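**Student:** The UniProt record's numbering puts the first residue of the sequence shown at 1, with every later residue one more than the last.
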Amino acid sequence: MDATTVTLPDLAATHRLAARCASMLRPGDAVLLDGPLGAGKSEFARALLRALAGDPALEVPSPSFTLVQGYALPGGPAGSAAHHLDLYRLAGPDEMAELGWEEAREGIVLVEWPDRLGPLRPADALAITLAPLPADPDARLATLSGWPDRLPALLDAPAASGTSGGTSGGTPGAARSA
Ligand SMILES: Nc1ncnc2c1ncn2[C@@H]1O[C@H](COP(=O)(O)OP(=O)(O)O)[C@@H](O)[C@H]1O
Ligand SMILES: [Mg+2]
Numbered sequence: 001m002d003a004t005t006v007t008l009p010d011l012a013a014t015h016r017l018a019a020r021c022a023s024m025l026r027p028g029d030a031v032l033l034d035g036p037l038g039a040g041k042s043e044f045a046r047a048l049l050r051a052l053a054g055d056p057a058l059e060v061p062s063p064s065f066t067l068v069q070g071y072a073l074p075g076g077p078a079g080s081a082a083h084h085l086d087l088y089r090l091a092g093p094d095e096m097a098e099l100g101w102e103e104a105r106e107g108i109v110l111v112e113w114p115d116r117l118g119p120l121r122p123a124d125a126l127a128i129t130l131a132p133l134p135a136d137p138d139a140r141l142a143t144l145s146g147w148p149d150r151l152p153a154l155l156d157a158p159a160a161s162g163t164s165g166g167t168s169g170g171t172p173g174a175a176r177s178a
């Protein structure tokens with residue numbers, strides 16, 4: 001699958017990418033957030049949920065212990081909701097039913113540690129991997145894949161700039177700035 005790499009020079013750039021992503025989401029979408037502890041997955045999720053809810057002060061607690069946190073989206077389509085999951089402590093894919101995965105998938109799901117999903121990983125998801133850059137503690141490299149129909153618009157929005165990146169597994173030769 002083609003992947004595109006974007007440089008996020010600071011936290012504000014991560015927040016902007018998350019807000020652009022929020023503006024393109026619709027019920028049934030899944031955003032998968034990969035990357036090591038401290039990469040910025042929760043920061044991305046928090047900014048995305050705040051944009052989605054239209055509330056910059058929305059309380060977005062970390063679901064690392066509850067595993068799932070639900071959000072009503074009163075401004076969205078009837079009955080629409082978003083769920084933020086952190087599956088780091090998931091015992092196995094069987095536990096997903098107890099967490100209400102099926103129901104959550106009717107709305108928008110944001111998943112940290114999506115490797116825990118196993119066979120439940122949505123094939124049509126937007127997958128974002130965040131990686132720290134050793135040279136700059138404020139910068140992150142984001143590798144985006146999936147969403148063949150929407151990825152170009154997500155990356156070419158006015159707040160982003162640069163050229164198209166490499167392929168998954170390749171070197172990010174044409175890393176972009178956002
Ligand atoms: N460009 C950036 N994008 C995201 N987080 C950043 C960035 N630069 C610094 N940070 C910091 O890195 C930390 C990321 O934490 P968090 O989002 O909880 O990580 P994760 O959920 O991946 O474990 C936060 O303290 C945040 O302020
Ligand atoms: Mg986190």
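Beta carbons: idealized from backbone N, C-alpha and C, even for Gly. Just so it is clear, the structure is predicted and the values come from calculations on it, not from any experiment.
Is any non-hydrogen atom of ligand 1 found closer than 7 Å to the C-beta of D10, if you look at the structure I gave you?
**Tutor:** Yes, ligand 1 has a heavy atom inside 7 Å of this Cβ.
**Student:** Taking one C-beta from the region 113 to 129 and one from the region 48 to 56 each time, how about it: are there three or more such pairs within less than 8 Å?
**Tutor:** Touching, no.
**Student:** Could you tell me if S37 is buried or exposed, where buried requires 16 or more neighbouring beta carbons within 10 angstroms of its beta carbon?
**Tutor:** Strictly speaking, residue 37 in this sequence is Leu, with Ser absent from that position. Burial call: exposed.
**Student:** Quick one: what does DSSP say P152 is sitting in, helix, strand or coil?
**Tutor:** Here P152 sits in helix by DSSP.
**Student:** Who pairs with G70 in a beta bridge, going by DSSP?
**Tutor:** Paired residue(s): H83.
**Student:** Counting only the same chain and skipping the five closest in sequence on each side, list residues whose C-beta sits under 6 Å from that of V60.
**Tutor:** So the list reads R46 and L49, once near-sequence residues are dropped.
**Student:** When you compare only the Cα positions, how much space is there between D149 and T4?
**Tutor:** In a straight line, the C-alpha of D149 is about 14 Å away from that of T4.
**Student:** Around the C-beta of R116, are 16 or more other C-beta atoms found within 10 angstroms, so that it is buried, or is it exposed?
**Tutor:** The residue is buried, with at least 16 neighbouring Cβ atoms inside 10 Å.
**Student:** Could you spell out the range, first to last residue, of the alpha helix (DSSP H) harbouring E112?
**Tutor:** Where E112 is concerned, there is no enclosing alpha helix (DSSP H), although the beta strand (DSSP E) it sits in stretches over I108 to E112.
**Student:** Kindly provide the chain-ordered list of residues whose Cβ lies closer than 7 Å to any non-hydrogen atom of ligand 2.
**Tutor:** Those satisfying the condition are, in chain order, K41, S42, S62, S64, D86 and E112.
**Student:** Applying the criterion that 16 or more other CB atoms from any shown protein chain within 10 Å of the CB defines a buried residue, is E112 buried or exposed?
**Tutor:** E112 should be labelled buried.
**Student:** Buried or exposed: P56, going by 16 or more other Cβ atoms within 10 Å of its Cβ?
**Tutor:** Classification for P56: exposed.
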